[in-house]
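First comes the structure, then the notes that go with it.
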Amino acid sequence: MRKSCQVFFRNSKCARFRGHISFWDPHRGAHTADPISSVPDETDSGVTLLVQKTRKSDGPKSMDQTAKKVSVAKASLEYIGSGAALGVGTGTTVNVLIDLLPSIRNRIRSIVSSSGATAERLEKHGFEVSTLNSVGDLDVYIDGADEATKHLHLIKGGGGALTREKVLAGAARKFVCIIDESKLVGMLGKFPLPIEVLPMAQSFVARQIIKLRGQPVWRENFVTDNGNHILDVHNLTISNPLEMETRLNQLPGVISVGIFSHRPADVLLVADDRGVRKMMR
Ligand code: 5RP
Numbered sequence: 016m017r018k019s020c021q022v023f024f025r026n027s028k029c030a031r032f033r034g035h036i037s038f039w040d041p042h043r044g045a046h047t048a049d050p051i052s053s054v055p056d057e058t059d060s061g062v063t064l065l066v067q068k069t070r071k072s073d074g075p076k077s078m079d080q081t082a083k084k085v086s087v088a089k090a091s092l093e094y095i096g097s098g099a100a101l102g103v104g105t106g107t108t109v110n111v112l113i114d115l116l117p118s119i120r121n122r123i124r125s126i127v128s129s130s131g132a133t134a135e136r137l138e139k140h141g142f143e144v145s146t147l148n149s150v151g152d153l154d155v156y157i158d159g160a161d162e163a164t165k166h167l168h169l170i171k172g173g174g175g176a177l178t179r180e181k182v183l184a185g186a187a188r189k190f191v192c193i194i195d196e197s198k199l200v201g202m203l204g205k206f207p208l209p210i211e212v213l214p215m216a217q218s219f220v221a222r223q224i225i226k227l228r229g230q231p232v233w234r235e236n237f238v239t240d241n242g243n244h245i246l247d248v249h250n251l252t253i254s255n256p257l258e259m260e261t262r263l264n265q266l267p268g269v270i271s272v273g274i275f276s277h278r279p280a281d282v283l284l285v286a287d288d289r290g291v292r293k294m295m296r
C-alpha cells in the first residue's frame, strides 16, 4: 500500500490525489484504488450469445479461478486450425494456454509473442518464436483481458503488454479473448485503465488525463518491453469506449491505450461455474 503520485505529480494538480491510496495487485500486475469486484450485469443479453458447454454442471460446487482459466484456455484451442500462424497474448490466463500448446504443436506453423514473458514461456516449451514482420498477418490471436463488455470491448494492459497486444490483435484475422466471468462488466473502467506513455511525456499526459476527470497513477518501477512507462487511470467514465480510445490516443506522448474497442475481440470465451460461454460480434 502506498500513497500515489507524490513523486510523479510534484508540479501538477497533485493536491487532488493526496491521500488517494492505491494497492499493487500482483495477480493483475496493476495498482488498484480498491479491491475490484466486477459485476456482470448484462451477461445474458450479449450481441450474439451462444452457449458452449465444455463440461457438465457440477451442481452447487463452484470452480476456483485456476480451474476456470484451464477450462477457457482449453476451449480456445479449437480456434487454432491446422497450419496456423498464431499470436499469443500475455498474462496468467494465457500462461495456462501456453502450457496446453504442446498438445497441438503439429497444428502450429508459426508463433508470434506479445511480450518477453510470453516468449520466454513459449521457448521453454520448445517453440521457436517468430517476429510479426517475418510472419505477416496472423490467423488467430488469443489473449486475456482485464475487463470485457457484451460488445466485446476490452480493457487490457494489466500486465503492461498492451501495445504489442494491440498490434497482434490488429494483425489477426480472428481475435479470441479468454476470461472468467468476473471480468465481464456493464461498463469499462472499474479496472484502472493502463496507458503506455513515453517517459519524457508522462507528466504532460497525466495532466491531460486529469482534465478528462481521470486519476492517473504512475506504475512505479515498471518499464514496458518497449522501454516506456505505464499510467493506470482510475475513475474514468468510459461510457463510450470508441470515443475515449480515440481521444486518449490523440494525446502526444501516448504510445497506446488499454481500451480495445476499435479492434475489439471477435470471440469472447467466458468461463463460469457451468462451463464456457461464447459471445461473438
Ligand atoms: C496483459 C493483459 C492481460 O491480458 C490482462 O491483464 C489479463 O491478465 P490475466 O489473465 O492475468 O488476468 O492485458 O497486458
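Counting from 1 along the sequence shown, just add 15 to a position and that's the residue number in our numbering.
The C-beta atom is built at its ideal place from N, Cα and C for all residues, glycine as well.
The ligand 5RP site residues, beta-carbon cut 5 Å against heavy atoms
T105, G106, T107, T108, G159, D161, K171, G172, G173, G174 and A176
Inter-residue CB distance, A100 and L153 (contact presumed, cutoff 8 Å)
Translated into the one-based positions of the sequence shown, residue 100 becomes position 85. Translated into the one-based positions of the sequence shown, residue 153 becomes position 138. Right, their Cβ atoms sit about 5 Å apart.
Between D56 and the rest of its own chain, which residues show a CB-CB distance below 6 Å, the 5 nearest in sequence each way excluded?
As a first step, residue 56 must be located in the sequence shown, where it is residue number 41. Note that D56 scores a pLDDT of 30, beneath 50, so its modelled location is shaky; the value from the coordinates is reported in the next line. Around D56: G201.
Looking only at C-alpha atoms, which of G290, R289 and L283 sits nearest to Y94?
As a working mapping, residue 94 is identified with position 79 in the sequence shown. When each option's Cα is compared against that of Y94, the closest is L283.
Could you check how far apart the C-beta atoms of G268 and V238 are, in whole angstroms? I think they sit under 8 Å.
Residue 268 sits at position 253 when you count from the first residue of the sequence shown. Residue 238 sits at position 223 when you count from the first residue of the sequence shown. That belief does not hold up - the Cβ atoms of G268 and V238 are roughly 16 Å apart, past 8 Å.
May I have a chain-ordered list of the alpha helix (DSSP H) segments no shorter than 4 residues that lie completely inside the region 179–204?
none
Distance, D158 Cα to D240 Cα:
Here residue 240 refers to the residue found at position 225 when the sequence shown is read from its first residue. Here residue 158 refers to the residue found at position 143 when the sequence shown is read from its first residue. So the two alpha carbons sit approximately 17 Å from each other.
Of the residues D247, E180 and I225, which one's Cα is nearest the Cα of W233?
Working through the sequence shown from its first residue, we reach residue 233 at position 218. For W233, the nearest C-alpha among the options comes from D247.
Please identify the residue among G141, S129 and S130 whose C-alpha is closest to the C-alpha of L116.
On the sequence shown, residue 116 is found 101 positions in, with the first residue counted as 1. Among G141, S129 and S130, the Cα nearest to that of L116 is on G141.
In the DSSP assignment, find the unbroken beta strand (DSSP E) run with S271 in it and report its ends.
Counting from 1 along the sequence shown, the entry for residue 271 is found at position 256. Looking at the DSSP string, the run of the beta strand (DSSP E) that includes S271 is V269 to V272.
Could you work out which residue in I224, D281, N243 and E235 is closest to L266 when comparing CA atoms only?
Sequence index remark: in the sequence shown, residue 266 carries index 251 (1-based). Answer by Cα proximity: I224.
Helix, strand or coil at M215 [DSSP, three-state]
As a working mapping, residue 215 is identified with position 200 in the sequence shown. Helix.
Please name the residue in T133, L177, A187 and A160 whose C-alpha comes closest to that of V150.
The sequence position of residue 150 within the sequence shown is 135, counting from 1. The shortest C-alpha separation from V150 is found at A187.
Return the chain-ordered list of same chain residues with a C-beta closer than 8 Å to the C-beta of D281, the five sequence neighbours on each side being excluded.
Within the sequence shown, residue 281 is the residue found at index 266, counting from 1. Cβ neighbours of D281 beyond the five flanking positions: L167, K189, F190, V191, M295 and R296.
Other residues of its chain near E260: CB distance less than 7 Å, five sequence neighbours each side excluded
The residue given as residue 260 occupies position 245 in the sequence shown. These residues qualify, in order along the chain: V272, I274, S276 and H277.
Using only the alpha-carbon positions, how far apart do A134 and L227 sit?
For the purposes of this step, residue 134 is identified with residue 119 of the sequence shown, where counting begins at 1. For the purposes of this step, residue 227 is identified with residue 212 of the sequence shown, where counting begins at 1. Rounded to whole angstroms, A134 to L227 spans 36 Å at the Cα level.
DSSP puts S4 in a beta bridge; with which residues?
The structure shown does not extend to residue 4, since the chain is modelled only from 16 to 296, so the question has no answer here.
Just to check, is the beta-carbon of V111 closer than 7 Å to a non-hydrogen atom of the ligand ZN?
Annotation note on the ligand ZN: not contained in the displayed structure, which lists the ligand 5RP as its ligands.
Please name the residue, chosen from L147, P256, A82 and T164, that lies closest to V182 on a Cα-to-Cα basis.
Within the sequence shown, numbered from 1, the residue matching residue 182 stands at position 167. Considering only alpha carbons, the answer is L147.
Please look up how many angstroms separate the CB atoms of D161 and K83, rounded, as I've assumed it's under 8 Å.
In the sequence shown, the residue the question calls residue 161 occupies position 146. In the sequence shown, the residue the question calls residue 83 occupies position 68. The Cβ separation is near 15 Å, so there is no contact.
Do you know whose CA, among G174, S77 and D288, lies nearest T107's CA?
The sequence position of residue 107 within the sequence shown is 92, counting from 1. T107 has its Cα closest to that of G174, out of G174, S77 and D288.
Start-to-end residues for the alpha helix (DSSP H) that takes in L112
Within the sequence shown, numbered from 1, the residue matching residue 112 stands at position 97. T107 to L115 is the span of the alpha helix (DSSP H), which, as asked, contains L112.
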